[in-house]
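Numbering follows UniProt numbering, in which position 115 of the sequence shown is assigned residue number 115; successive positions increment by one, without gaps.
Ideal Cβ placement from N, Cα and C applies to all residues, glycine included.
Predicted, not measured: the structure shown is a model, and the values here were computed from it.
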Amino acid sequence: MARYLLLRLADAVPTVLLVLTLVFIAMRILPGDPAIAALGDMATPEQLEIFRERMGLNAPLWQQYIDFIWGMLTLDFGTSLMNNQSVLRLIGYNLPYTIELTIVAMILGVGFGIPLGVLAATHRNKAADSAVRGFSLLGYAVPDFYLGALLLITFSLNLGLFPINGGGEGFLDRMHHVFLPAVTLALVKAAFIGRLTRTSLLEVFGKDYIRTARAKGAREPRVIYRHGLRNALLPLTTGIGLSTLATLSGSVAIELVFNRPGIGKLLISAISERDYAVIQGGVVIFAMFVVLINLMMDLVYIVVDPRIRVQ
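Here it is in structure tokens:
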């Protein structure tokens with residue numbers, strides 16, 4: 001297990017370096033002058049020059065690249081150009097809200113999607129199966145930001161059951177604030193996970209060991225969950241991992257719709273203000289989470305199917 005983990009970590013290093021390089025290049029080819037964006041159009045040439053010198057923008061490109069890589073590796077993301085605050089501090093404040101939204105949304109999505117998939121697979125070509133497939137198609141078709149706006153208007157503005165904006169203070173208050181945004185993302189993910197569960201189970205139900213278990217008189221719940229769902233976990237693990245990544249990226253739009261703090265909202269504000277330091281830090285954090293989630297998926301594969309460790 002330790003050797004496999006080290007190999008996967010070694011594979012992740014080039015990916016991280018490539019992501020950092022792409023972020024650095026993207027920030028340098030974006031239109032606009034960060035000095036003018038920070039100081040405004042009325043700034044004098046002397047003020048702009050002092051600002052560029054202070055932020056290291058006048059250094060050769062190779063020196064900026066080395067400083068950037070070293071800063072990312074040491075978690076020194078620099079200072080925001082707009083409010084002169086530490087980028088690490090801004091990320092540290094907003095990141096827990098994004099993680100909280102992603103975790104709650106995935107718990108709801110998996111908890112709702114897998115039972116839907118089991119229901120559809122065990123009632124193939126019946127009313128329940130048609131209903132689940134219809135829900136899945138609807139989940140694919142409706143954008144999460146549009147669904148979020150509908151839920152916000154219905155349950156927050158009209159019914160007053162949930163807060164309109166903010167992230168809340170304290171555990172219960174934060175759960176109250178995060179529930180509606182999480183449901184928005186969870187419904188979309190449940191549609192995908194439910195359809196994937198149905199497909200995986202139907203494939204497993206055609207195997208000989210399922211027919212053997214039924215021929216031996218095993219009860220249907222045991223056949224479904226112990227023999228069927230257990231052997232369908234490998235594609236489900238992949239689907240859940242991909243859904244987690246999609247939920248993390250989808251939180252950008254949802255944080256804007258529900259006006260709640262988070263990395264996504266921080267990034268959108270930074271992009272509109274050409275705050276390169278914050279953009280770089282936020283994108284790198286997102287990239288690190290993608291690498292981390294992929295690594296966790298690899299470890300779960302080993303638990304689900306130990307043959308992978310041998311390979």
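Taking a contact as a CB-CB distance under 8 Å, the pair G250 and D144 counts as one, their CB atoms being some 5 Å apart. In the three-state scheme derived from DSSP, where H, G and I count as helix and E and B as strand, S269 is classed as helix.
Judged by DSSP in its simplified three-state form, T44 adopts coil rather than helix or strand. Ranking E169, R219, A191, L202 by CA distance to the CA of R260 puts E169 first. Note that the C-beta distance between V278 and S86 is not below 8 Å. For the pair L266 and G282, the CB atoms are nearer than the 8 Å cut-off. A straight line joining the alpha-carbon of S200 with that of A127 spans about 20 Å.
Here Q280 is buried, its C-beta having at least 16 other C-beta atoms within 10 Å. Beta-bridge partners of S86 (DSSP): T79. Closest in C-alpha terms to V252, from the list T44, T102, G56, comes T102. Closest by C-alpha distance to G206, out of F171, L187, A232, is A232.
Rounded to whole angstroms, the gap between the alpha carbons of G111 and K189 is 10 Å.
Three or more beta-carbon pairs drawn from the stretch 6-19 and the stretch 283-294 are found closer than 8 Å, and the two stretches are therefore classed as touching. Counted as a single uninterrupted DSSP element, the alpha helix (DSSP H) harbouring K189 occupies residues 171-205. In the three-state reduction of the DSSP assignment, F112 falls in the helix class. Take the alpha-carbon of N84 and the one of T197: they are about 49 Å apart. The three-state reading of DSSP puts P261 in coil, since its state is none of H, G, I, E or B.
A contact between stretches requires three or more CB pairs, one per stretch, nearer than 8 Å, and the stretch 209-227 fails this requirement with the stretch 236-250.
Leaving aside the five residues that flank G117 on each side, the residues in its chain whose CB is nearer than 6 Å to its CB run, in chain order, G194, T197, R198.
No residue range can be given for R274, since it is assigned to no alpha helix (DSSP H) and is classified by DSSP as neither H nor E. Comparing alpha-carbon positions, the option among R174, T184, I271, A43 lying closest to L248 turns out to be T184.
From the listed residues I66, L180, T98, the smallest Cα separation to L157 is found for L180.
In this structure, A191 lies near F135, with their beta-carbon atoms less than 8 Å apart.
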